[in-house]
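K.L.:
Count the sequence shown with my numbering and you get residues 1 to 315, in order.
Take this structure, written in structure tokens, and hold onto it; I'll ask about it next.
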Amino acid sequence: MTTVIFVHGISNMPEPSVLQSLWDHALATDKPDNPGVEIGAYGASVDLVYWSDVLYRNYNRTRSGAESTTLSIEMSNALMGECPLVDDVSDDWIHAISQSLKFDPEQLYSSDVLPIQPSEATNAAAAEAIPLPWPLKKPLMRAFVRDAHHYLFNVEHVPRDGEAYFVRDEIRKRFVTKVQKAVEKGPVIVFSHSLGTVIAFDCLKNVPECPKVDQLITIGSPLGMSEIQDKLEPGYSAHDGFPHEKLTGDWVNVYDPVDIVSISDPKLRNDYLQSGQERVSDLRQRNGGLWTHGLLKYAAQSALRTALRTALERA
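Now the structure itself:
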């Protein structure tokens, strides 16, 4: 039996069963000229590498998969859930990331109350041509900066009293354990979003005990950022970055050109060569709305669905 292993991205997430349900629903819902994908219809199962609890105190209470043109599960979580501070993040890291993503790093430090609420932003920015207002962008950039930093620098983090993790070690262990169980049943497709793409690549390239997988799909990935690549050594190099040691099949990367997490370099084919040859297929799609990085927004569009459908048919 084929297993699709889903690795989620930034921000505090709902409990695992709720998150998987939201993802399944977003993929399976039919749209005009864009039929949904039901993974079970291909005789495949789904498993989830869940790591939000390593960095956040409580599960987010979001239980609705309905998204407006502006809000997504990540935005809802960052605004109404637990918005991380960056006091324990390296200043050098903040300034490097902010330079790549073109925002003022000083704006991340303040702990002021958001001056506008999501309902107001929804009315003001329904058209995707309007840039994401900083009061909405700020908590999401905080989540990306903090979550990526703690993973890549293997920070020891205490999300709850009496419970501490070295972040990279713990999440690597969770990923490898899921893959080890899945390969006993058959082919494995790794389906990852946002920071989850960094986790998936890192484990496939840098963790010797990670088993081989058959296919990799990355969505809204920041793997094109040099600041991320620099922390993926020793395995990473542009000339031989493709994780051929553990990936036996294709790597498809789906991106939205205005996704604020991947916007600095959304295409990966030139950054992850195999012996100097291109192996990654980059697929462009438009998610629409204001927060184009949203997991559920990616899942509703035809390019991603086609990539997943093709992977399931090949497995």
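Ideal Cβ placement from N, Cα and C applies to all residues, glycine included.
How far does the alpha helix (DSSP H) with Pro234 in it reach, from first residue to last?
P.N.:
Pro234 -> no alpha helix (DSSP H), and no H or E assigned at all.
K.L.:
Once DSSP output is grouped into helix, strand and coil, what is the label at Ser316?
P.N.:
The structure shown does not extend to residue 316, since the chain is modelled only from 1 to 315, so the question has no answer here.
K.L.:
Should the segment 85–96 be called in touch with the segment 28–48, which here means at least 3 C-beta pairs below 8 Å?
P.N.:
Taking 8 Å as the limit for Cβ pairs, the verdict is that the segment 28–48 does not touch the segment 85–96.
K.L.:
Can you tell me which residues form a DSSP beta bridge with Asn34?
P.N.:
DSSP, once it has assigned bridges, lists Lys31 as partnering Asn34.
K.L.:
Just the Cα atoms here: how many angstroms apart are Leu204 and Cys210?
P.N.:
Between Leu204 and Cys210, the C-alpha separation is close to 6 Å.
K.L.:
Provide the residue span of the beta strand (DSSP E) that contains Thr218, from first to last.
P.N.:
Counting along the chain, the beta strand (DSSP E) containing Thr218 begins and ends at 215–219.
K.L.:
Looking only at its chain, what residues have a beta carbon closer than 7 Å to the beta carbon of Gly276, apart from the 5 residues adjacent to it on each side?
P.N.:
Cβ within range, chain order: His239.
K.L.:
Is it buried or exposed for Arg57, if we count other Cβ within 10 angstroms and need 16 for buried?
P.N.:
It is exposed - the Cβ of Arg57 has fewer than 16 other Cβ atoms within 10 Å.
K.L.:
Leaving out five residues before and five after Pro243 in sequence, what residues of the same chain have Cβ atoms less than 7 Å from its Cβ?
P.N.:
Phe201, Leu204, Lys205, listed in sequence order.
K.L.:
In this structure, does DSSP put Ala300 in helix, strand or coil?
P.N.:
Coil at Ala300, not helix or strand.
K.L.:
Going by the CB atoms, is the gap between Ile10 and Phe153 shorter than 7 Å?
P.N.:
No, these two residues do not count as a Cβ contact at 7 Å.
K.L.:
Check Arg305 in the structure and name its three-state DSSP category.
P.N.:
Note: Arg305 maps to helix in three-state DSSP.
K.L.:
Can you tell which of Arg61, Glu74, Lys173 has its C-alpha closest to the C-alpha of Lys137?
P.N.:
The shortest C-alpha separation from Lys137 is found at Glu74.
K.L.:
Alpha carbon to alpha carbon, what distance is there between Pro222 and Ile228?
P.N.:
Roughly 7 Å separates the two Cα atoms.
K.L.:
Quick check: Val167 and His150, are their CB atoms within less than 7 Å of each other?
P.N.:
Result yes, Cβ atoms of Val167 and His150 sit closer than 7 Å.
K.L.:
Going by Cα to Cα distance, which pick from Val258, Val252, Asp104, Trp291 is closest to Leu304?
P.N.:
For the residues Val258, Val252, Asp104, Trp291, the minimum Cα distance to Leu304 belongs to Val252.
K.L.:
By alpha-carbon positions, which one of Lys102, Asp30, Val7 ends up nearest to Ser264?
P.N.:
Cα-wise, what sits closest to Ser264 is Lys102.
K.L.:
Is it the case that the Cβ atoms of Lys246 and Lys212 are separated by a distance below 7 Å?
P.N.:
Contact flag set, yes.
K.L.:
Tell me the rounded alpha-carbon separation between Leu19 and Ala300.
P.N.:
Their backbone Cα atoms lie some 15 Å apart in a straight line.
K.L.:
Helix or strand or just coil, what does DSSP make of Pro159?
P.N.:
DSSP places Pro159 in strand when its eight states are reduced to three.
K.L.:
How is the alpha helix (DSSP H) around Asn206 delimited, first residue to last?
P.N.:
From DSSP, the alpha helix (DSSP H) with Asn206 extends over 195–206.
K.L.:
If contacts are defined as beta-carbon pairs under 8 Å, then Asp104 and Ser98 qualify, I think. What distance do you get, rounded to the angstrom?
P.N.:
About 7 Å separates the two Cβ atoms, so the contact holds.
K.L.:
Name, in chain order, the residues that DSSP records as bridge partners for Ser192.
P.N.:
Ser192 is bridged to Val7, Thr218.
K.L.:
Find out if the Cβ-Cβ distance for the pair Gln215, Gly249 is shorter than 7 Å.
P.N.:
Yes, they are a contact pair.
K.L.:
If I'm right that Val37 touches Arg309 with Cβ under 8 Å, what's the distance once you round it to whole angstroms?
P.N.:
Sure, about 5 Å apart at Cβ, within 8 Å.
K.L.:
Using the three-state DSSP reduction, which class does Val18 fall into: helix, strand or coil?
P.N.:
Reduced to three states, the DSSP call for Val18 is helix.
K.L.:
Measuring only the C-alpha atoms, how far is Leu108 from Gln180?
P.N.:
Taking the straight line joining both Cα atoms gives about 39 Å.
K.L.:
Tell me whether Asp147 sits in a helix, a strand or coil according to DSSP, three-state version.
P.N.:
Reduced to three states, the DSSP call for Asp147 is helix.
K.L.:
Measure the alpha-carbon distance for Ile5 versus Ser21 and round it to whole angstroms.
P.N.:
For Ile5 and Ser21, the distance between alpha carbons rounds to 14 Å.
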